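Report on the following structure.
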Amino acid sequence: MDADAMLATFGSERDRGIALAEAATTLDELDEARTSILGRKAPFSDAQKRLGTLDADARKRVGQAANDARDALNRAFDERRAVLEAQAEDALLEHDGIDLTLPGRRPRSGSLHPLTLVEDEIVEVFLRLGFRVVDGPEIEDDWHNFQALNIPPDHPARTMKDSLYVAIPGHPELLLRTETSAAQIRTMQSQPPPVSIVAPGRVYRRETPDATHLPVFHQVECLVVDEGVTFADLKGTLEVLARALFGERRRVRLGPAYFPFVEPGAEVGVSCFVCDGVGCRVCGNGWIELLGAGMVHPQVLENCGYDSERFTGFAFGLGIERVALLKYAIPDMRMLLDGDVRFLSQFGGAA
Amino acid sequence: MRIPVAWLRELVPTELGVEELAERLTRRGVKVEGIVDPWSGLHGVRLVEVLDVRDHPGSDTLCVARIRHAEGESELVVGVRNMRPGDLVPWAAPGSRVPVLDAPLEARAIRGVVSNGMLCSPRELGLGPDHEGILIVGEPELGVGTDLKHALGLDEPILDVEVEPNRPDFLSVLGVARETAAETGVPLREPPVTVEEVAERADDVASVRIEAAEGCPRYVARIVRGVETARSPLRVQARLVACGMRPISAIVDATNYVMLERGQPLHAFDMDRVAGPGIVVRYATEGERLTTLDDVGRTLTAQDLLICDAERPVALAGVMGGATSEVSDATRNVLLESAFFTREGVLRTARRLDLHTEASHRFERGTDREGLDPAAARCASLLAGWTGGSVLAGTVCDGVVRPRRWVSMRPSRASALLGYDVAEADAVAAFDQLGLAHRTDGDVVEVEVPGYRVDIDREVDLVEEVVRVQGYDHVGSRLPRAAGAGGMSPQRAFARRMKDVLASAGLREIRPAPFASAADLALFDDTDAVPVANPLRAEEGYLRTRLAPGLLRAIARNQALGVRSVGLFEIGTVFRLGDPFDEHVQLAFALAGPAAEGWHTPERPFDVLDARGVLEVVADALGVARWSLGDPLDGPLHPGRSAAVLVDDRPAGFVGELHPRASRALEIEGRAAIAEIDVGAIRDASIRLTAVRDVPRVPPLRRDLAFVVPIDVPAGAVASAIRHGGGDVYDAAVLFDVYEGPPLPDGRKSLAYAVAFRAPDRTLEADEIEPVIERIAAGVRELGGELRAG
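Sequence order for the protein chains is A and B. First residue of the first sequence? That's 1329 in my numbering, and the numbers climb one at a time after it. First residue of the second sequence? That's 121 in my numbering, and the numbers climb one at a time after it.
This is how it looks when you write it as structure tokens:
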């Protein structure tokens, strides 16, 4: 075989091999084609083996052509292999499909109770303001629940909300607290001023439950006592709270009200978050009455051994259920008690 | 307190619209809760004269009345027959409206006779409950053609005022009128308190003696002689009805009318039934009895104040009159009581007897100690006018009125509390507006407190008056300086974190009311529950001792509503008797129904191992390593699927499945797994991560080991044998299969573990593990089992 014949073989085998590669429809066919072109017994190898018979010059020239042809062939087979492999994988994946409208395999959903969510929100505001969060007992004594709060036994305010008493022999003074305000007293008894606390907790009253009242509900009590605390501090604090709960544009309005443990006392309205204070079905006249507040009555400070001339303070009590009803448009407060999964699941995760 | 606007305007002739008046009063602390108008449906009813009444030709019960009205005569059909020719009666002509009917009246035939509208009973006009007959108007000065609505002052609505207990003066029209005058600047026109008297002196006829000055500092009586049986004027009756009271007779109405007007409760005795006649005010003797007006016999204590005549008790002071001296149609001579009873005394008696009246409501909040004489005079004068009686000269009285007190206020103190500058002139202007006398002494303003302001006692009370008059909108806004570092107590923060852990474990938080029934307590044989003395519901007479019953009830309720898979938790307070009681926080959760609902997972019910799994998650998340399960507990639990939970080797709660008997009793379907643990115990055992372990740099060598063991060998014991046998190179073991049944012999089970071995410093070779596996196998053989494959 002379140089020209070799060159012809390399050229024709290259062309034939590229054509075979392109024609292969399976990886097996491709492997077969490769062996038939580049196998040790194929014409290409055969011709290549004979390169040694050529002179140096021709060997170099023809050798180069052989390498080029082999490279071209390898490229063609590799490219075709990549294509066929991708096709094979695609075919495999086509059978590996899944219906993505099937529900996902999700971890079981849990949720926090809306009262916890609202309490968190309120507590968060006061933590930001540097308040301490304190707890008090739910079974209280008459002194902490009433007398220290300027509600002596013959005070008509005691008929305003009848209390639930516990029957522990020898302890007629014990009752279920009617206000978280008792926590004010316990705090002031345990530390000197300055005080700035919130006390979330459950309270009890002898009331008939309805859509907007529960006999057992939750409050957050707030108390600040220091030198120089004024009514304006109360209003400013309430504004921060109202805006955190109901939006940045809320305004706060104080109006006269009576609570035995504060004076001046105030009923606090927040501009309606639905109509922005214009008047709507939620608020009526543009204001939502939210809570009772006031300046701590000097008698209360004195009952706790504070100097009422030197220290002044403010306090308020906010009903958590009421906030939850407003925030989540809950139609009936009793839903908060029921533990119905279909209600609870709306506060995180599916039913 | 219901305040008819027309009555209010009589005392303060303001021209403000009702809405604006209500808003302005509310902003001053006279809380108008609502504006009601019971007569909005009354229109065009006029007074007419009855000319004759004849039988209805087509009916045995109906009659036909001919009437004279301003435009002529008409006939109408009437269902009752109490009117007679000459009577003045209200006529709702065709086209007019009455409150009880939705549409205007029309002329229509009733059994063949055309009825031109209707004659009205008091009830049909909204003037009281009386529906026995047509209203006969006994006031000839109201002539034919008079528009009833206008003549009776029913044109204007009623303010429904919520009176707070510190302002009992608002329990009267006069009290609200004072505040209205202050708000509007329109001068107050007090109702007249002059009375025309005859020469005979009251104190010649009767006597009054107070023997209990502490409970009754002063007692005033007026005497009205020669009264005729009469009704009070319709206008007065309309006002009583408007205020929620029932017109009864001229005498009783007069006392009620003056009470509503001035806030002073009054009582009328039939003087001829008062022995003496002499009034003695004294405390009851223990066990003394009195039958009150409501015909209830009352047994009294030495703390109850009595009004007595010369022989016996005739009234429960400030609460209710007695039956024996009650006024009636036969009453000809009246002794009117206008007294000041102290708050505490009336409150005590009214509460003890659970007898709450308009009088006791006012006395227990505080009445005007200076208002006795004016009220008595006003009442005597009205009563005499309505009944033709004569008022005897002067009063019969005993006791003294405490002189007015002065309370001082420093404007500087007001500024310090209110946060804006209150000048002396501001304070003085506020007190002037309220009609409070004052004087200035240095930098102090002193205010004379009138008898009707029972709420003003110390400086801060006057500060409140200043801000109330100036308006709460004067108050500025700022934030208090932070008093300290703030933050939550560790207990609260821990319980709160625990909620997040339980929620992320797939449980939903519930917050039920913390009461327990006897059945709840019996469930766990709890005998130390705290009873509630006056429970909201008789069947829930205790505070809960544990959270489990509430969770189980919630499970049952959800199942009843068709919710199948339920996982709930609560972190809450429980109560037990102690010294004197113990109140602490527990965590509990319950699982029932399918553990997973989905196409991808075979359905199986929640069981005790799901509950155990939640405990594991809680323990991991909160850093509790030292916990374990102990023996099954007594109680409503499955004996083979429950255990005490030990934290730090001390009992802290339980985990288990509900006993099927308990499930049936609680109406829970299928298995229910439940656990309850003391939060404090978990917190005490919780360790914060302070230093991490180094992680291994080499991969483990894994071997699957299957053991066949007697069926009663706990998996925990096999796991323990693997751990011990593994020694230094033990890394982890995961139980991946549990099997009982053929081909295994009866009484045997297979447990298959994926065990990982690891040396800290090098990759283990397979042949190094063989002796280790042999040690493990030996350990399992000691349990009566054997290594089957590995």
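Don't be surprised by glycine CBs; every beta carbon is placed ideally from N, CA and C. Computed from a prediction, not measured in an experiment: that's the story for all the values here.
Counted within 10 angstroms of its Cβ, other Cβ atoms place residue i as buried (16 or more) or exposed
i: F856 of chain B; result: exposed
i: Q679 of chain B; result: buried
i: L1421 of chain A; result: exposed
i: G364 of chain B; result: exposed
i: G232 of chain B; result: exposed
i: D740 of chain B; result: exposed
i: P1592 of chain A; result: buried
i: T1608 of chain A; result: Position check: residue 1608 of chain A holds Cys in this sequence, whereas Thr was assumed. Exposed, since its Cβ has fewer than 16 Cβ neighbours within 10 Å.
i: I1365 of chain A; result: buried
i: I427 of chain B; result: buried
Of the residues the options, the one placed nearest residue i, counting alpha carbons only
i: E320 of chain B; options: B:P311, B:R345, B:C336, B:P307; result: B:R345
i: G846 of chain B; options: B:R882, B:S216, B:I256, B:E894; result: B:E894
i: S912 of chain B; options: B:G465, B:L492, B:D493; result: The structure shown does not extend to residue 912 of chain B, since chain B spans only 121 to 910, so no value can be given for it.
i: K269 of chain B; options: B:A886, B:G149, B:A653, B:A126; result: B:A126
i: S624 of chain B; options: A:S1437, A:R1534, A:A1361; result: A:S1437
i: G1583 of chain A; options: B:R148, B:L167, B:A350, B:T411; result: B:R148
i: P714 of chain B; options: B:D640, B:A792, B:A653; result: B:A792
i: S445 of chain B; options: B:V416, B:A388, B:L272, B:L473; result: B:A388
i: I71 of chain B; options: B:G539, B:I802, B:I889; result: A question about residue 71 of chain B goes unanswered here, because the residues of chain B that appear run from 121 up to 910.
Rounded separation between residue i and residue j - CA only
i: L1335 of chain A; j: A1414 of chain A; result: 34 Å
i: A1539 of chain A; j: A782 of chain B; result: 33 Å
i: R525 of chain B; j: V569 of chain B; result: 6 Å
i: R882 of chain B; j: D768 of chain B; result: 36 Å
i: D1448 of chain A; j: F689 of chain B; result: 18 Å
i: P651 of chain B; j: G1645 of chain A; result: 28 Å
i: D1418 of chain A; j: R1409 of chain A; result: 14 Å
i: V900 of chain B; j: G836 of chain B; result: 12 Å
i: T411 of chain B; j: G1647 of chain A; result: 44 Å
i: L1542 of chain A; j: L671 of chain B; result: 20 Å
i: L354 of chain B; j: L272 of chain B; result: 7 Å
i: V400 of chain B; j: L582 of chain B; result: 38 Å
i: P834 of chain B; j: R761 of chain B; result: 13 Å
Chain B residues whose Cβ lies nearer than 8 Å to that of residue i
i: R1534 of chain A; result: N654, L656
i: Y1493 of chain A; result: V652, A653, N654
i: T1565 of chain A; result: L599, P600
i: E1591 of chain A; result: V580, D581, V583, E584
i: H1423 of chain A; result: What H1423 of chain A touches in chain B: nothing, since even the nearest Cβ is about 19 Å away.
Under 8 Å by beta carbon: chain A residues contacting residue i
i: E464 of chain B; result: D1482
i: G607 of chain B; result: L1455, R1460, V1461
i: T693 of chain B; result: E1466, R1530
Helix, strand or coil at residue i according to DSSP, with G and I counted as helix
i: R188 of chain B; result: strand
i: K1369 of chain A; result: coil
i: N115 of chain B; result: With chain B running from 121 to 910 in the structure shown, residue 115 of chain B is simply not present.
i: P1528 of chain A; result: strand
i: E579 of chain B; result: helix
i: W127 of chain B; result: helix
i: H1423 of chain A; result: helix
i: W719 of chain B; result: coil
i: W747 of chain B; result: strand
i: M1329 of chain A; result: coil
Residues that residue i contacts on chain A, provided the C-beta gap is smaller than 7 Å
i: V612 of chain B; result: Strictly speaking, residue 612 of chain B in this sequence is Arg, with Val absent from that position. Those are V1461, D1463, listed as they occur along chain A.
i: A633 of chain B; result: V1544, L1665
i: V170 of chain B; result: Within chain A, no residue comes near V170 of chain B; the closest Cβ sits about 47 Å away, beyond 7 Å.
i: H720 of chain B; result: R1433
i: S624 of chain B; result: G1438
Neighbour list for residue i in chain A, Cβ cutoff strictly below 9 Å
i: D740 of chain B; result: Result: empty, since nearest Cβ-Cβ is about 15 Å, beyond 9 Å.
i: Y850 of chain B; result: What Y850 of chain B touches in chain A: nothing, since even the nearest Cβ is about 30 Å away.
Partners in chain B for residue i, counting only beta-carbon separations shorter than 7 Å
i: L1443 of chain A; result: R631
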